[in-house]
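What the sequence shown shows, in the working numbering, is residues 4 to 58, in sequence order.
Glycine included, each C-beta is placed from N, C-alpha and C at the ideal position.
Okay, structure first, notes after.
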Amino acid sequence: MSIEFPEGFRFGSATSAYQIEGAANADGRQDSIWDVFCRVPGAIVNGEDGVVACD
Numbered sequence: 004m005s006i007e008f009p010e011g012f013r014f015g016s017a018t019s020a021y022q023i024e025g026a027a028n029a030d031g032r033q034d035s036i037w038d039v040f041c042r043v044p045g046a047i048v049n050g051e052d053g054v055v056a057c058d
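See below:
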């Protein structure tokens, strides 16, 4: 089986820490680099950190 894509077609993929890493303080999870970076004053717009991704 052969599939052809148009010239210039680009594949992409993404993931989200909020979707795959789980709660910031549950099940033995430790801080990621992003968790630490989010606590740097002024590093993130509005200081939003995703500790509570869905509530």
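- DSSP, reduced to helix, strand and coil, places Phe40 within a helical segment of the structure shown.
- Secondary structure of Gln33 (DSSP, three-state): coil.
- Taking the CA atoms as reference points, Tyr21 sits about 12 Å from Ser35.
- Under the three-state reduction of DSSP output, Gly50 falls in the helix class.
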